[in-house]
Structure formats: C-alpha cells, structure tokens
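Peer 1: Position in the sequence shown counted from 1, then plus 104, gives you the numbering used here.
From the three backbone atoms N, C-alpha and C, an ideal C-beta is built for every residue, glycine too.
Fair warning: this is a prediction, and the values are worked out from it, not measured in the lab.
My structure is below; once you've seen it, I'll send some questions.
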Amino acid sequence: MNSPFTPGVVSQRLSTEDLSKNFGDLHAPLAPHEAAVAADRCYFCHDAPCITACPTDIDIPLFIRQISTGTPEAAAKTIFQQNILGGMCARVCPTEDLCEQACVRELAEGKPVEIGRLQRYATDTVMHSGVHPFTRAAPTGKRVAVAGAGPAGLACAHRLAMLGHDVTLYDARPKPGGLNEFGIAAYKSTDDFAAREVDWLMSIGGITLETDKALGTDMTLDALAADFDAVFVGVGLGGVNALGIDGDARDGVSDAVSFIEDLRQTDDLAKLPVGRNVVVIGGGMTAVDAAVQSKLLGAEQVTIAYRRGRDAMSASRYEQDLAASNGVKLLFNVQPVAVHGNGAATDVELEYTQVTDGKLAGTGETIRIPADQVFRAIGQTLTTDCGLDLTGGKIAVTGAGRTSRAGVWAGGDCASGGDDLTVTAVAEGRDAAMDIHATLTGAA
C-alpha cells in the first residue's frame with residue numbers, strides 16, 4: 105500500500121516468507137555439543153583480560169569452565185550475579201569491542217572464544233527452566249522508587265528487591281524494557297525475548313510495576329522523594345535531535361528511533377512501509393539498525409551518511425561490516441544540507457566535509473542522492489532534568505550514581521559518564537542499588 109504523501113514508501117515489498125527469513129535470529133543459539141567445543145577453547149586465564157573488558161565484571165573464565173564441566177546453570181548464576189540482564193547483553197553487547205577483543209585467543213589467533221554466544225547458552229538454559237536463581241532477603245521495610253524500566257532501572261530494581269527492599273518501578277511507556285523492548289534491531293532480539301526477560305527478572309518478587317507514568321509529566325521528583333526512602337532515575341534519552349536543515353519537516357523524513365520502535369512493536373512486518381531509496385543520517389548503532397532493517401524490509405538502495413570518517417563512527421566495525429554485508433552503502437565525510445522534494449522527500453543534498461585544525465567544516469562541494477525516506481539518527485536528548493544538576497546535557501552523577509540531590513540516584517543513558525551501552529546501563533543500575541542499600545541500612 106502506498107502512502108498518499110510519499111509514493112515511494114510502501115508496505116509489503118517482500119513476501120511474508122522472505123521477511124520471516126530476513127528477521128530471523130542473527131546468531132543461532134549454540135547446541136550443547138557446540139557450547140562444549142566453544143568452551144574448550146578458553147585458556148581460563150589468571151587475571152583474565154576479558155573480565156577487565158566487561159563493564160559488569162562478569163567472571164568470564166569461571167562461567168566458561170562451568171559450561172565445560174556440564175553445569176550451565178551454575179554458569180548462568182555466575183553471570184546473573186553481576187548482570188541480571190545477561191541474556192539480553194549476550195545478544196546485543198558489542199563483545200567484539202569488549203571481552204572478545206581482549207581475549208587472548210583473539211590476540212594470538214585472530215579468533216576469540218565466543219564469549220557472547222556462550223553467555224547466551226548459559227542464561228537461556230536457566231531462563232527456559234523458569235527458575236529464578238536468587239531469592240529475596242528478609243524485608244527491610246524500606247521503599248524505593250525507580251523511574252524508568254529500561255536496563256538501568258531494571259537492574260537497580262532487581263538488586264534492591266533481592267536485598268529486601270520494596271520497589272515501585274515506573275515507566276512512561278505501556279510496557280517495560282526501555283531500549284531493550286523498543287530500540288534494538290528485531291533480528292538481535294527475537295521471539296519477544298525482551299518482554300520475557302522482564303517477566304523472569306521480576307519473578308524475584310518485591311517489585312511493583314506501574315506503566316504509562318512519565319517522570320516530569322505524570323509525577324514529579326519532589327513527590328517521589330517525599331513518598332519513598334530513595335529514588336533512582338533511569339529515564340534514558342527520549343528526545344531526538346533535529347537535522348536543522350531545509351526540508352527536515354518534509355513527508356518521508358522521520359527519526360530512526362521511532363522507525364525501530366514501530367518495527368519492534370508491529371505484529372506484521374509486511375504492514376510496515378519502507379522507502380525504495382532510504383538515507384540514514386548518523387554514525388551510531390541506531391543508524392546501523394535502521395539502515396539494515398530498511399534493507400531487510402525490501403528497500404532497494406540504503407545509504408548511511410556520516411559527517412566524519414569511518415574510524416570516528418560510534419557503531420563498531422563489526423556493525424559497519426554487518427551493514428555492508430546486507431547491501432547498505434556507507435558514505436563518509438558528508439553532512440546533510442537539505443532534503444529536497446515537492447512536499448515529500450525525493451532526494452538529499454549532502455556536503456563533503458574535512459577536518460581542519462581539529463574542527464569539522466564543509467568543503468562547499470555537494471552531491472545529491474535519491475531519497476524517498478530519510479531517517480535522523482544523530483543522537484538523543486534528555487526530556488526532563490527534574491531540577492537536578494546537569495553536565496553535558498545529562499544528569500550529573502558522582503560515585504555510584506549520586507546526583508546533586510540527596511536521596512536521589514541516576515544511571516543509564518540519562519546520566520553522565522556512560523557510553524550508551526545496555527551492559528554499561530546494567531552496571532550503573534546495579535552499582536547504584538548497592539549504594540542505595542548501603543545508605544538505607546546505615547552501612548554507607
């Protein structure tokens with residue numbers, strides 16, 4: 105079906121069978137024998153560099169040894185002790201830039217131990233059993249509010265509940281999960297895994313979920329601080345930066361985050377419109393996810409246009425290569441000047457850039473490429489500061505997430521110091537929970 109405003113943007117470009125194949129699991133799960141073979145490659149290093157490279161400090165050699173000895177349940181508990189969202193992180197974490205890059209096998213042979221897939225094998229084993237590996241401590245009588253049910257908020261809520269506190273978890277959306285539910289490519293998280301992981305996590309008990317409750321709109325920080333013994337803010341970054349160019353408001357121009365959300369939440373991929381010629385402006389993971397999924401939906405030409413060189417892209421080289429292998433063209437050192445068209449987008453004008461004295465500047469030379477659909481993926485912004493001190497456009501934090509207001513902690517993408525990774529958000533939520541616990545119990 106064609107859009108009345110953007111003739112090139114149509115649904116049902118591919119058959120249902122092709123769409124199902126295109127959006128299948130990016131990495132097939134390991135069978136038990138495959139896991140045993142993969143685990144056998146680990147050297148079980150003393151002072152293993154892979155542990156240092158993991159933002160959540162998982163004891164990687166230990167859990168791999170536990171897999172190799174036939175006890176994946178023990179391996180999963182080792183993982184979950186540090187990262188309760190280890191199942192999702194096994195699917196989306198850029199292991200090629202973190203633990204696997206640091207692997208001794210990678211340094212010696214150019215082929216690391218498959219840490220991510222082994223982590224998925226272990227965590228899936230326990231999650232499929234339906235058994236939660238931890239039990240709640242005795243109730244402390246303390247109540248904590250967690251605003252934001254993304255990775256940071258979920259990790260914080262789980263750890264606090266496990267330590268015996270009563271947690272009320274709020275989220276602005278109709279379902280929890282944050283970027284895990286709404287913002288990650290569908291081929292990385294299949295079979296409704298994000299929602300199933302949240303349900304499993306909350307089976308620890310002691311967590312009450314309230315959805316459609318946005319901080320700054322439906323509730324205030326003052327009210328939460330008055331009603332609870334502590335507050336954790338993990339609201340993420342809900343705003344999207346505009347291109348700030350002529351034609352930014354034309355039909356066919358939208359933000360990549362919304363496109364990915366629509367794709368993740370649809371019950372029929374064939375109904376999702378996609379352009380014939382798609383251009384994604386940006387150089388991060390969101391840009392790659394939007395571009396690859398456009399191609400998988402049936403777009404004929406997909407281009408990622410990034411204003412700097414390849415090495416400056418925040419998307420990993422693995423993700424860049426994934427895009428290229430799916431037929432996405434990567435265009436470097438270009439910045440958007442205008443989106444042209446008569447009402448709807450027809451093409452994008454780009455200006456070549458160069459770096460002079462450390463500053464990016466246009467060269468004056470431009471090109472135009474066809475585009476009936478343009479996605480903005482140039483960063484997100486904080487939607488509410490709650491009156492807290494900011495730094496660099498994010499909530500300023502010190503130590504384990506302490507904000508400028510006593511009794512209020514923050515973590516994840518909304519807080520300063522992070523790197524916008526799911527695994528880092530989990531670590532920040534977990535560490536803030538431990539600091540909140542120490543404060544509430546008088547141990548701090």
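For Phe-479 and Gly-220, what's the separation of their Cα atoms in angstroms?
Peer 2: For the purposes of this step, residue 479 is identified with residue 375 of the sequence shown, where counting begins at 1. For the purposes of this step, residue 220 is identified with residue 116 of the sequence shown, where counting begins at 1. The alpha-carbon atoms of Phe-479 and Gly-220 are separated by roughly 30 Å.
Peer 1: Quick one: give me the first and last residue of the alpha helix (DSSP H) that Pro-176 is part of.
Peer 2: Here residue 176 corresponds to residue number 72 of the sequence shown, with the count starting at 1. Unbroken alpha helix (DSSP H) run through Pro-176: 176-186.
Peer 1: Can you have a look at Arg-354 and say buried or exposed, based on whether 16 or more other CB atoms are within 10 angstroms of its CB?
Peer 2: The count along the sequence shown starts at 1 and reaches residue 354 at position 250. Answer is buried; the Cβ neighbour count reaches 16.
Peer 1: Quick check on the DSSP output: the beta strand (DSSP E) that includes Ser-358 runs from which residue to which?
Peer 2: As a first step, residue 358 is located in the sequence shown; it is residue number 254 there, counting from the start. First-last of the beta strand (DSSP E) with Ser-358: 357-359.
Peer 1: What do you reckon, are the CB atoms on Phe-332 and Arg-277 nearer than 7 Å?
Peer 2: Here residue 332 is taken as the residue at index 228 of the sequence shown, counted from 1. Here residue 277 is taken as the residue at index 173 of the sequence shown, counted from 1. For Phe-332 and Arg-277, no; Cβs fall outside 7 Å.
Peer 1: What alpha helix (DSSP H) runs, 4 residues minimum, are completely inside the stretch 304-356?
Peer 2: Segments of the alpha helix (DSSP H) lying fully in the stretch 304-356: 325-331.
Peer 1: Who are His-444's beta bridge partners in DSSP?
Peer 2: The residue labelled residue 444 in the question sits at position 340 within the sequence shown. Beta-bridge pairing links His-444 to Asp-451.
Peer 1: Quick one: what does DSSP say Lys-292 is sitting in, helix, strand or coil?
Peer 2: For the purposes of this step, residue 292 is taken as residue 188 along the sequence shown, with counting starting at 1. It is coil, neither helix nor strand.
Peer 1: Just curious, the beta strand (DSSP E) that Lys-375 is in, first and last residue?
Peer 2: Within the sequence shown, numbered from 1, the residue matching residue 375 stands at position 271. It is not in any beta strand (DSSP E) - Lys-375 carries neither H nor E in the DSSP assignment.
Peer 1: Kindly indicate the opening and closing residues of the beta strand (DSSP E) around Asp-270.
Peer 2: As a first step, residue 270 must be located in the sequence shown, where it is residue number 166. Segment 270-274, the beta strand (DSSP E) holding Asp-270.
Peer 1: Whose C-alpha, out of Gly-190, Ala-395, Glu-423, Phe-167, is nearest the C-alpha of Asp-549?
Peer 2: One cannot answer for residue 549 here, as it falls past the ends of the chain, which runs 105 to 548.
Peer 1: Taking DSSP as the reference, what is the three-state secondary structure of Ala-427?
Peer 2: On the sequence shown, position 323 is the one that residue 427 refers to. The answer is helix: DSSP assigns Ala-427 an H, G or I state.
Peer 1: If we call anything under 7 Å between Cβ atoms a contact, is Val-357 one with Val-344?
Peer 2: Here residue 357 corresponds to residue number 253 of the sequence shown, with the count starting at 1. Here residue 344 corresponds to residue number 240 of the sequence shown, with the count starting at 1. The answer is no: Cβ separation not under 7 Å.
Peer 1: Specify the secondary structure class of Gly-202 as computed by DSSP and reduced to three states.
Peer 2: Along the sequence shown, one-based indexing puts residue 202 at 98. Note that residue 202 is Leu in the sequence shown here, rather than Gly. Coil.
Peer 1: Residues in its own chain within less than 7 Å of Pro-165 by CB, not counting five upstream and five downstream?
Peer 2: For the purposes of this step, residue 165 is taken as residue 61 along the sequence shown, with counting starting at 1. Once the five neighbours on either side are set aside, the close Cβ partners of Pro-165 are Cys-146, Phe-148, Cys-149, Ala-152.
Peer 1: Where do the N-terminal and C-terminal ends of the beta strand (DSSP E) with Arg-247 fall, by residue?
Peer 2: The residue you call residue 247 lines up with position 143 of the sequence shown. Per DSSP, Arg-247 belongs to the beta strand (DSSP E) from 247-251.
Peer 1: Here's a check: name, in chain order, each residue in its chain whose Cβ is nearer than 8 Å to the Cβ of Leu-400, leaving out the five neighbours to either side.
Peer 2: In the sequence shown, residue 400 corresponds to position 296, counting from 1. Contacts found: Leu-123, Asn-126, Phe-127, Tyr-291, Asn-430.
Peer 1: Quick check: the stretch 320-329 against the stretch 488-501, are there 3 or more CB pairs under 8 Å?
Peer 2: Yes, since at least three Cβ pairs between the stretch 320-329 and the stretch 488-501 fall closer than 8 Å, the two stretches touch.
Peer 1: In chain order, what residues of the same chain have a beta carbon less than 7 Å from the beta carbon of Ala-178, not counting five sequence neighbours either side?
Peer 2: Taking the sequence shown and counting its residues from 1, the one referred to as residue 178 is at position 74. Here the set comprises Gln-170.
Peer 1: Could you give the residue range of the alpha helix (DSSP H) that holds Ile-155?
Peer 2: If you number the sequence shown from 1, residue 155 lands on position 51. Residues 153-157.
Peer 1: Is Gly-340 near the ligand MN, with its Cβ less than 6 Å from a heavy atom?
Peer 2: No copy of the ligand MN appears in this structure; indeed no ligand is present at all.
Peer 1: From which residue to which residue does the alpha helix (DSSP H) around Gln-170 run?
Peer 2: Position 66 of the sequence shown, counted from the start, is the residue given in the question as residue 170. Start and end: 164-172.
Peer 1: Which class does Leu-211 belong to by DSSP, given the choice of helix, strand or coil?
Peer 2: Start at 1 with the first residue of the sequence shown, and residue 211 comes out as number 107. Correct three-state label for Leu-211: helix.
Peer 1: Grab me the residues of Asn-106's own chain with a C-beta within less than 6 Å of its C-beta, minus the 5 sequence neighbours each way, in chain order.
Peer 2: Taking the sequence shown and counting its residues from 1, one reaches residue 106 at position 2. Reliability fails at Asn-106, whose pLDDT of 46 lies under 50, so the model's placement of it is uncertain and the value that follows must be treated cautiously. The answer, listed in chain order, is Val-114.
Peer 1: One question on the structure: do Gly-388 and Ser-418 come within less than 7 Å of each other, judged by their Cβ atoms?
Peer 2: As a first step, residue 388 is located in the sequence shown; it is residue number 284 there, counting from the start. As a first step, residue 418 is located in the sequence shown; it is residue number 314 there, counting from the start. Yes; because the gap between Cβ atoms is below 7 Å, this pair is in contact.
Peer 1: Where does Gln-439 land, buried or exposed, given buried means 16+ other C-beta within 10 angstroms?
Peer 2: Here residue 439 refers to the residue found at position 335 when the sequence shown is read from its first residue. Classification for Gln-439: buried.
Peer 1: Within its chain, find whatever has a CB closer than 8 Å to the CB of Pro-108; leave out the 5 residues flanking it on each side and keep chain order.
Peer 2: Stepping through the sequence shown from its first residue, residue 108 is reached at position 4. Reliability fails at Pro-108, whose pLDDT of 49 lies under 50, so the model's placement of it is uncertain and the value that follows must be treated cautiously. The answer is none, since no qualifying residue turns up.
Peer 1: Please list the terminal residues of the continuous alpha helix (DSSP H) segment that includes Thr-407.
Peer 2: As a first step, residue 407 is located in the sequence shown; it is residue number 303 there, counting from the start. Unbroken run through Thr-407 is the beta strand (DSSP E), 405-409; no alpha helix (DSSP H).
Peer 1: I want to know whether the stretch 281-288 touches the stretch 204-218 - three or more CB-CB distances under 8 Å.
Peer 2: At 8 Å Cβ cutoff, the stretches do not touch.
Peer 1: Using CA atoms only, rank isn't needed, just tell me which of Ala-251, Glu-404, Thr-227 is closest to Pro-474.
Peer 2: The residue given as residue 474 occupies position 370 in the sequence shown. Comparing Cα-Cα distances from Pro-474 to each of Ala-251, Glu-404, Thr-227, the minimum goes to Glu-404.
Peer 1: Would DSSP call Gln-223 helix, strand or coil?
Peer 2: Numbered from 1 along the sequence shown, position 119 holds the residue referred to as residue 223. Of the three classes helix, strand and coil, the one that applies to Gln-223 here is helix, per DSSP.
Peer 1: Comparing C-alpha positions only, which one of Gly-340, Val-196, Ala-346 sits nearest to Ala-256?
Peer 2: As a first step, residue 256 is located in the sequence shown; it is residue number 152 there, counting from the start. Minimum Cα distance to Ala-256 is reached at Gly-340.
Peer 1: Given Ala-514, which residues of its chain have a CB within under 6 Å of its CB, disregarding the five upstream and five downstream residues?
Peer 2: Your numbering for residue 514 matches position 410 in the sequence shown. Hits under 6 Å: Val-337, Ile-499, Val-501, Gly-505, Thr-507.
Peer 1: How should Arg-414 be labelled, buried or exposed, when 16 other C-beta atoms within 10 angstroms of its C-beta is the threshold for buried?
Peer 2: Walking along the sequence shown from the start, residue 414 turns up at place 310. Exposed.
Peer 1: Count the other C-beta atoms from every protein chain shown that fall within 10 angstroms of the C-beta of Gly-447, then say buried if there are 16 or more, exposed otherwise.
Peer 2: Reading the sequence shown from its first residue, position 343 is the one you call residue 447. Counting Cβ neighbours within 10 Å, Gly-447 comes out exposed, since fewer than 16 surround it.
Peer 1: What does Thr-460 pair with, by DSSP beta-bridge criteria?
Peer 2: By 1-based counting over the sequence shown, the position of residue 460 is 356. Paired residues: Lys-463.
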